[in-house]
Amino acid sequence: GLTATGHVDFEELWSVLASSLREIHTKNASTLSFEELYRNAYRMVLMTREEELYDRVKQLEQDWLCDEVQKR
Numbered sequence: 001g002l003t004a005t006g007h008v009d010f011e012e013l014w015s016v017l018a019s020s021l022r023e024i025h026t027k028n029a030s031t032l033s034f035e036e037l038y039r040n041a042y043r044m045v046l047m048t049r050e051e052e053l054y055d056r057v058k059q060l061e062q063d064w065l066c067d068e069v070q071k072r
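Going by the numbering used here, the first residue of the sequence shown is number 1, and it counts up by one from there.
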């Protein structure tokens, strides 16, 4: 979302992206807008937070693989 100064908040964008990635993992992505997800990720990169974005996606995927996939 936008902050009081009109800036997009990284944490809010990340929350939407992380939630959407979990939906994709559980094959429940029919309501997702991939254009919106791309746009949100692109906004994070424009904030020069690409390393943090990468690290968070990497951690989310590692957690998913360890907690959900490896258990099977």
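Note that beta-carbon positions come from the ideal geometry of N, C-alpha and C, so glycine has one too.
Beta-carbon spacing of residue i, residue j below 8 Å
i: Glu-23; j: Leu-32; result: yes
i: Leu-21; j: Asn-40; result: no
Start and end residues, alpha helix (DSSP H) containing residue i
i: Gln-62; result: 50 to 64
Buried or exposed by the 16-neighbour rule on C-beta atoms within 10 Å, applied to residue i
i: Asn-28; result: exposed
i: Gly-6; result: Low per-residue confidence applies at Gly-6: pLDDT is 49, beneath 50, and the placement is therefore not dependable, though the value from the model is reported in the following sentence. Answer is exposed; the Cβ neighbour count stays below 16.
i: Leu-53; result: buried
i: Leu-17; result: buried
Worksheet item: Any chance the region 58 to 71 sits against the region 33 to 46, with 3 or more Cβ pairs inside 8 Å?
Response: no
Discussion item. Please give me, in chain order, every unbroken run of the alpha helix (DSSP H) with length at least 4 that falls completely inside the region 3 to 35.
Written reply: 10 to 25
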